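Put into structure tokens, the structure is as follows:
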């Protein structure tokens, strides 16, 4: 879980590991960040935590317990591939990993890959994808929202598919990391707003064929965040 604190003197954020009673067991990261988009993060089977600093244009990897393992990106804005120390990112937002230790990042350039030795490459680049979006991993493909609200995916070789429209007229479907999640069956959950009524957000569940179900019976928070845990529970920051 991540908690942030906004003040005139600066903005801080803390990533914590919770125990089964949902109290803090361990602080993974605590520090400042310099942006409104914040961070997104994921973890692998070794409980290493991947953190994407959106406006900081860097990726950091933390070992458990809470030790910085490596930093990828020189904090400059751009799309340069290459070694961790010289590579650049453009507002990295979504992040996930695979079983081989590779990390995949969604940024304004498209989808980037970080190998276990820190080499950065671009596996898919498109001018139509310049927005902040989650990056969801399922069955060897990586799913994200395009700037025209379509669900898109690429595989590790950069083969792209355009799936279905995530919103209809009068709707907004969120695509940032905290606003999208996927379960082991490939169902995708998105934060949805109708008729610009931001006080009435709800969750929509999409199957891989584009059919959907609106989950309007959950008392969601005004700043809604969702995630699916390892037991396939949908976790929501509710009111």
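In our numbering, the protein residues as written are 7 to 245. Glycine included, each C-beta is placed from N, C-alpha and C at the ideal position. Fair warning: this is a prediction, and the values are worked out from it, not measured in the lab.
C-beta contact flag for residue i and residue j at 7 angstroms
i, j, result
"residue 246", "residue 188", "The chain is shown from 7 up to 245; residue 246 falls before or after that span and cannot be answered."
"residue 209", "residue 221", "yes"
"residue 86", "residue 96", "no"
"residue 81", "residue 64", "yes"
"residue 177", "residue 200", "yes"
"residue 22", "residue 33", "yes"
"residue 186", "residue 140", "yes"
"residue 10", "residue 38", "no"
"residue 131", "residue 115", "yes"
"residue 173", "residue 155", "yes"
"residue 164", "residue 129", "yes"
Distance, residue j Cα to residue i Cα
i, j, result
"residue 31", "residue 53", "14 angstroms"
"residue 138", "residue 27", "33 angstroms"
"residue 107", "residue 118", "14 angstroms"
"residue 126", "residue 148", "17 angstroms"
"residue 57", "residue 46", "6 angstroms"
"residue 215", "residue 192", "10 angstroms"
"residue 91", "residue 120", "12 angstroms"
"residue 184", "residue 44", "10 angstroms"
"residue 238", "residue 25", "17 angstroms"
"residue 179", "residue 207", "10 angstroms"
"residue 228", "residue 122", "38 angstroms"
"residue 8", "residue 217", "31 angstroms"
"residue 99", "residue 69", "21 angstroms"
"residue 190", "residue 182", "20 angstroms"
"residue 198", "residue 242", "14 angstroms"
"residue 35", "residue 49", "13 angstroms"
"residue 111", "residue 146", "15 angstroms"
"residue 102", "residue 161", "13 angstroms"
"residue 225", "residue 89", "45 angstroms"
"residue 168", "residue 76", "34 angstroms"
"residue 219", "residue 113", "29 angstroms"
"residue 158", "residue 170", "8 angstroms"
"residue 236", "residue 104", "15 angstroms"
Residues sharing a beta bridge with residue i, DSSP
i, result
"residue 210", "196, 220"
"residue 75", "Paired residues: none, contrary to the question."
"residue 58", "46, 65"
"residue 171", "156"
"residue 127", "119"
"residue 29", "For residue 29, which the question treats as bridged, DSSP gives no partner whatsoever."
"residue 238", "DSSP output for residue 238 lists no bridge partner at all."
"residue 38", "18"
"residue 161", "147"
"residue 114", "Partner(s): none; residue 114 has no beta bridge."
"residue 142", "149"
"residue 24", "30"
Three-way DSSP call (helix, strand, coil) for residue i in this model
i, result
"residue 8", "strand"
"residue 183", "helix"
"residue 94", "coil"
"residue 190", "coil"
"residue 51", "coil"
"residue 137", "coil"
"residue 88", "strand"
"residue 100", "strand"
CB contact below 7 angstroms: residue i versus chain B
i, result
"residue 153", "Here there is only one protein chain, and chain B is not present."
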